[in-house]
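Colleague: Let me begin by handing over the structure; questions about it come next.
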Ligand code: T46
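Structure follows, in structure tokens:
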């Protein structure tokens, strides 16, 4: 299972750092939605679903968290702890996010608008979907 973790270009000077992300250039899809989560309570696990079509890039722009990716055959855990790192999460990939630091802000760039029908929230259904596709 291939993990794609980007290290985005950082524009730093004596004022501080800046990262710029452009669709189809730094990000391999059209960005149709941006959302972010913060104030995640200690010990909380989020996610527990896959998407049929959605592709995303996860960037922990402040603090840190871990992401478990599961393609139905293999599982891998990726730590996000740098604001210039982005984890690509393709469709058909179960994800769980956890170990959020109290100051974590996890920003997500998404290839589609929010569509509840795109979610697979049952793990057995996910395994069946992966086998059939
Ligand atoms: C994903 C992981 C990384 C909206 O109204 N619009 C949105 O665009 C999103 C993402 C969520 N919501 C609502 C739906 C729920 O009532 O916000 C609430 C929390 O969403 P959810 O429980 O789906 O959050 P997570 O952290 O479990 O999952 C989210 C994304 O939904 C999901 O696509 O891949 O982050």
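In the numbering used here, the protein residues as written are 124 to 256. Even for Gly, the Cβ is constructed at its ideal location relative to N, Cα and C.
1. Do residue 175 and residue 222 count as a contact pair if the criterion is CB distance below 8 Å?
2. Helix, strand or coil: how does DSSP classify residue 253 here?
3. Between the segment 217 to 236 and the segment 176 to 188, do at least 3 Cβ pairs fall closer than 8 Å?
4. Suppose the cutoff is 8 Å on Cβ atoms and the five residues either side in sequence are ignored; what does the same chain contact list for residue 157 look like?
5. Residue 195 to residue 171, Cα distance in whole Å?
6. Would the C-beta of residue 186 count as close to the ligand T46, meaning under 7 Å from any of its heavy atoms?
7. Just to confirm, does residue 181 get its C-beta within under 7 Å of one of the non-hydrogen atoms of the ligand T46?
8. Could you please go through the chain and list the residues whose beta-carbon is closer than 5 Å to any non-hydrogen atom of the ligand T46?
9. Measure the alpha-carbon distance for residue 148 versus residue 131 and round it to whole angstroms.
10. Beta strand (DSSP E) containing residue 218: first to last residue?
11. Near residue 142, what residues of its chain come up, given a Cβ to Cβ distance below 8 Å and the 5 sequence neighbours on each side ignored?
12. How should residue 193 be labelled, buried or exposed, when 16 other C-beta atoms within 10 angstroms of its C-beta is the threshold for buried?
13. Sorted by chain position, which residues of the same chain lie with C-beta nearer than 6 Å to residue 127's C-beta, five sequence neighbours on each side aside?
Modeller: Straight from the coordinates:
1. Contact flag unset, no.
2. Helix.
3. A contact exists between the segment 217 to 236 and the segment 176 to 188.
4. Within the same chain, and ignoring the five residues on either side of residue 157 in sequence, the residues whose Cβ sits closer than 8 Å to its Cβ are 230, 231, 232, 233.
5. Taking the Cα positions, residue 195 is about 13 Å away from residue 171.
6. Residue 186 Cβ: outside cutoff for every heavy atom of the ligand T46.
7. Shortest gap from the CB of residue 181 to any heavy atom of the ligand T46: under 7 Å.
8. Listed along the chain, these residues meet the criterion: 158, 169, 170, 237.
9. So the two alpha carbons sit approximately 11 Å from each other.
10. First-last of the beta strand (DSSP E) with residue 218: 217 to 221.
11. Apart from the 5 residues on each side of it in sequence, residue 142 sits with its Cβ closer than 8 Å to the Cβ of 131, 132, 133, 134, 206, 207 in its chain, given in chain order.
12. Counting Cβ neighbours within 10 Å, residue 193 comes out buried, since at least 16 surround it.
13. Closer than 6 Å at Cβ, skipping near neighbours: 211.
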